[in-house]
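Working notes for the structure below.
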Amino acid sequence: MITNVENQYFIYNSNGITSEAINIHFMAGHSNNNYIIHRAYVAQTAKSRQGTSSTKTRSEVRGGGKKPWKQKGTGRARAGSNRSPLWRGGGIIFGPNNRKYTKKINKKERVLAINACLANKRSKIIVTHNSITNLSKPSTQFVLQILKKCGISYHKVLIITKTPNTNLYLSIRNIPNIKIILASNINLCSILLAEVILIDKDAIPIITKDSND
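Heads up, the final residue of the sequence shown is numbered 221 in the numbering used here, and it's a clean run with no missing numbers.
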């Protein structure tokens with residue numbers, strides 16, 4: 009059974025002052041949140057596997073058409089091909105082949121997993137508006153000052169914005185453990201790895217859109 013989790017957040021400006029509040033609704037299940045989150049996590053990580061490792065069997069290895077020596081009379085062990093798996097340079101027994109590791113997961117399950125994960129981390133969410141998303145030029149020092157004013161002292165920070173922001177990206181790219189992502193590209197692994205989530209106010213409708221459908 010699915011329920012909505014509602015939380016109220018104060019909105020921080022560029023001076024670290026809260027001027028207004030906003031309610032955010034997250035969709036979550038009653039008891040199977042961990043199961044849904046695990047399914048979505050496995051599906052996402054499996055999709056990132058390359059799956060191109062491949063070996064050749066004795067029928068695919070070049071050569072080996074001629075019997076190395078006659079069957080009897082040489083004192084050697086019997087051999088029918090120099091591409092036998094027992095020989096150096098021969099085929100591989102039960103070796104890996106190209107395969108797809110992709111696991112199917114329904115869109116509703118993925119949306120529920122993301123919302124359930126956000127609901128679990130609702131105490132780690134900070135909402136801002138026109139603070140770091142409207143930079144006129146790249147400034148790492150300015151971004152660090154805003155994060156400090158918002159009380160962010162964690163090591164792993166995830167910033168969610170509505171639209172691409174080149175100045176913000178250039179400002180944080182040399183700050184370790186800070187990642188920026190678009191609300192339309194939000195994914196479960198980024199949320200799980202984050203210790204604090206900084207969301208721009210304009211990105212909230214995109215994050216909660218699927219929850220309200």
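All C-beta atoms in this analysis are idealised placements derived from N, C-alpha and C, irrespective of residue type, glycine included. Computed from a predicted structure; not experimentally measured.
Tell me the rounded alpha-carbon separation between isoleucine 160 and lysine 64. 53 angstroms
Segment contact, 8 angstroms Cβ cut-off, at least three pairs: the segment 110 to 121 with the segment 133 to 149: no
Hey, could you find the ends of the beta strand (DSSP E) lysine 187 is sitting in? 186 to 190
Start-to-end residues for the beta strand (DSSP E) that takes in threonine 136: 133 to 136
Can you tell me whether DSSP reads asparagine 175 as helix, strand or coil? Correct three-state label for asparagine 175: helix.
Take asparagine 106 and list the residues in its own chain whose beta-carbon comes closer than 7 angstroms to its own, dropping the five residues that flank it on each side. So the list reads Gly59, Thr60, Ser62, once near-sequence residues are dropped.
If we call anything under 7 angstroms between Cβ atoms a contact, is glycine 98 one with serine 92? yes
Contact set for alanine 29: own chain, Cβ-Cβ below 6 angstroms, skip 5 residues either direction: Cβ neighbours of alanine 29 beyond the five flanking positions: Gln16, Phe18.
Could you give the DSSP three-state label for tyrosine 20: helix, strand or coil? Note: tyrosine 20 maps to strand in three-state DSSP.
Straight-line CA distance for glycine 71 to lysine 80? 22 angstroms
Going by beta carbon distance, what residues of the same chain come within less than 7 angstroms of asparagine 123, once the five residues before and after it are set aside? Phe34, Met35, Ala36, Ser219
Close-in-space but distant-in-sequence residues of the same chain around proline 104 (CB under 8 angstroms, 5 per side omitted): Ser61, Ser62, Thr63
With DSSP run on the structure shown, which of helix, strand or coil describes serine 144? In the structure shown, serine 144 sits in coil (DSSP, three-state: anything other than H, G, I, E or B).
Rounded to whole angstroms, what's the CA-CA distance from isoleucine 44 to asparagine 128? Just pull it up for me. 13 angstroms
Taking its Cβ as the centre, do 16 or more other Cβ atoms sit within 10 Å of cysteine 158, making it buried, or is it exposed? buried
DSSP state of valine 69 mapped onto helix, strand, coil: coil
What residues match up with phenylalanine 102 in a beta bridge as DSSP calls it? None; phenylalanine 102 has no bridge partner.
Which residue or residues does DSSP assign as beta-bridge partners of glutamate 28? Ile19
In chain order, which beta strand (DSSP E) runs of at least 3 residues are fully inside the segment 44 to 94? none
Could you say if the segment 200 to 214 and the segment 50 to 57 meet the contact criterion of at least three C-beta pairs nearer than 8 angstroms? no
So what does DSSP say about glutamate 14, is it helix, strand or coil? strand
Return the CA-CA distance between lysine 108 and serine 56, expressed in angstroms with no decimal places. 10 angstroms
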